[in-house]
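What follows is a single structure, written as structure tokens, with notes after it.
Numbering (the UniProt record's numbering), first residue to last: 1 to 140.
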């Protein structure tokens with residue numbers, strides 16, 4: 001149970017604007033108890049998705065603090081272009097380092113619909129962790 005809580009916490013924090021290495025934590029926990037791979041996969045995916053949704057809500061609340069001109073900076077431009085072109089489908093890329101956090105923030109700032117946004121985030125995060133688990137199980 002402690003391992004699952006650790007995985008959830010690590011995955012959640014890694015998906016917010018804080019840096020984290022949830023993939024390394026997942027592999028370490030799998031090394032310790034490979035038979036728990038399903039539980040670890042579910043907990044990592046849900047925790048990381050909830051962290052991304054936290055970023056979404058920070059973006060949503062940020063509408064009061066950020067103007068459209070603020071999002072014209074180079075830091076946000078690539079993410080903004082992806083969201084404007086693909087809408088909530090771009091959130092399938094929310095697992096990517098650096099750009100994923102920005103995509104979730106911008107999605108919230110633009111008030112994209114929460115249900116399809118959450119589904120896309122969950123799918124993207126689950127695919128990433130599934131690939132990590134599959135690679136571990138294959139190599140183990």
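Cβ atoms here follow ideal geometry from the backbone N, Cα and C, with glycine treated the same way.
With respect to the C-alpha of residue 83, the residue from 104, 40, 139 and 122 having the closest C-alpha is 104.
When DSSP states are grouped into helix, strand and coil, residue 116 belongs to the helix group.
Taking the CA atoms as reference points, residue 57 sits about 12 Å from residue 102. In the same chain as residue 62, and ignoring 5 residues on each side of it, the C-beta atoms closer than 6 Å to its own belong to 109, in chain order. Note on the region 31 to 61: whole alpha helix (DSSP H) runs with a minimum of 4 residues are 37 to 61, in chain order.
A straight-line Cα-Cα distance of about 26 Å links residue 52 and residue 137. Under the criterion of beta carbons closer than 8 Å, residue 93 and residue 100 qualify as touching, at roughly 6 Å. Bounds of the alpha helix (DSSP H) holding residue 8 are 2 to 15.
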